[in-house]
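In the numbering used here, the protein residues as written are 187 to 363. All C-beta atoms in this analysis are idealised placements derived from N, C-alpha and C, irrespective of residue type, glycine included. Please read these numbers as outputs of a predicted model, since none were measured by experiment.
The following block contains the structure:
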């Protein structure tokens, strides 16, 4: 009888191990992969982002929350801010490209609208309007270019960005320089 009890006890221990080991492995994998599983952050703005297939654009006007999908391909994040209105677009970038190229690509795909005046190679383009909001000399409000959170010292034609960078256009009051 004692031998039978030892056999049942050993069998029960093996069953417990057979269940616990895979659970521990699964938990370890989840802990390691957790940052990759987090695919969205929440925002309370008007956003324009690629749909899940990457083929089009989904525009959402919500008062609660919007989802910013994690880029699938190498992209530059283009953010247009006009007060509380925000448009977010992902633009595919291969190597270093100018902000002008990013803007033209987004406009070509009808993700944004823009008007620009070209002053030639030496001066480049001046963004005059984004999403139907024009620079306003009377109100002294203009579109300012930020790259990775820093006010750009050069214009859209000269500012270079690469995949993973963030281009932000903010409609702001004139800055004292």
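Taking 6 Å as the limit between beta carbons, can you name the residues of its chain near residue 286, skipping five residues before and five after? The beta carbon of residue 286 sits closer than 6 Å to the beta carbons of 311, 342, 343 from its chain, once the five residues preceding and following it are set aside; these are given in chain order.
Where residue 189 and residue 210 are concerned, what is the direct C-alpha to C-alpha distance, given to the nearest angstrom? 31 Å
Would you decide whether residue 305 is buried or exposed? Buried here means 16 or more other CB atoms lie within 10 Å of its CB. exposed
In whole angstroms, what separates the C-alpha of residue 295 from that of residue 277? 10 Å
Please name the residue in 358, 356, 322, 282 whose C-alpha comes closest to that of residue 347. 282
Which same chain residues end up closer than 7 Å to residue 314 when comparing Cβ atoms and leaving out the 5 residues on each side of it in sequence? 301, 302, 303, 320, 321
Measure the alpha-carbon distance for residue 262 versus residue 275 and round it to whole angstroms. Take the alpha-carbon of residue 262 and the one of residue 275: they are about 8 Å apart.
Please work out which residues of its chain come closer than 7 Å, Cβ to Cβ, to residue 334, disregarding the five sequence neighbours upstream and downstream, and give them in chain order. 351, 352
Indicate the three-state DSSP secondary structure (helix, strand or coil) for residue 322 in the structure shown. In the three-state scheme derived from DSSP, where H, G and I count as helix and E and B as strand, residue 322 is classed as strand.
In this structure, does DSSP put residue 362 in helix, strand or coil? Three-state result, residue 362: coil.
Contact check, residue 279 vs residue 345, beta carbons under 8 Å: no
Residue 264 to residue 308 span [Cα, whole Å]: 25 Å
Can you tell me whether residue 218 is helix, strand or coil according to DSSP? helix
Distance, residue 356 Cα to residue 330 Cα: Answer to the nearest angstrom: the Cα atoms are 5 Å apart.
Cβ shell of residue 360 (< 8 Å), same chain only, five flanking positions each side left out: Around residue 360: 326, 327, 328.
Under DSSP, the beta strand (DSSP E) around residue 302 begins and ends at which residues? 300 to 304
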